[in-house]
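Residue numbers (my numbering): 293 to 390.
Worksheet: one structure, shown below.
If you want it as structure tokens, here you go:
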């Protein structure tokens, strides 16, 4: 993406492995870092929400997770990552995402 205001070019590259070929250990930890800045308003944030809902629903059994949102400041959802099997933590995460 080229910025006219700053005459810079920025690019983001994501390489996603084929997870069907990977055996995830039950002690895997997933930290989701979510941009909540004004530049994410509208469609971008809607797409982020949908993706995060899908990811949370398919976390491997026994895994840990946390969500860190950032914009003008940052905040972790939990002080420590939570187990995917923790119903209260998953409910809180899903409500946060919506």
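Don't be surprised by glycine CBs; every beta carbon is placed ideally from N, CA and C.
Query raised in the report: So, using beta-carbon positions, are residue 361 and residue 319 closer together than 9 Å?
Result: It is not a contact, given that the beta carbons lie outside the stated cut-off.
Query raised in the report: Based on Cα-Cα distance, which residue from 345, 365 and 368 lies nearest to residue 383?
Result: Answer by Cα proximity: 345.
Query raised in the report: Using CA coordinates, which residue listed in 329, 369 and 356 is at the minimum distance from residue 389?
Result: Cα-wise, what sits closest to residue 389 is 369.
Query raised in the report: What are the boundary residues of the beta strand (DSSP E) that includes residue 356?
Result: Its beta strand (DSSP E) spans residues 356–362.
Query raised in the report: Roughly how many angstroms lie between the CA atoms of residue 358 and residue 373, to the nearest whole one?
Result: Residue 358 and residue 373: Cα-Cα distance of roughly 5 Å.
Query raised in the report: Buried or exposed: residue 385, going by 16 or more other Cβ atoms within 10 Å of its Cβ?
Result: Under this definition residue 385 is a buried residue.
**Report entry** Outcome for residue 326 when other beta-carbon atoms lying within 10 angstroms are tallied against a minimum of 16
**Finding:** Buried, because 16 or more other Cβ atoms sit within 10 Å of the Cβ of residue 326.
Query raised in the report: Mind checking residue 335: buried by the 16 CB within 10 Å criterion, or exposed?
Result: When all chains shown are included, residue 335 counts as exposed.
Query raised in the report: Run through DSSP, which three-state label would residue 346 get?
Result: It is helical.
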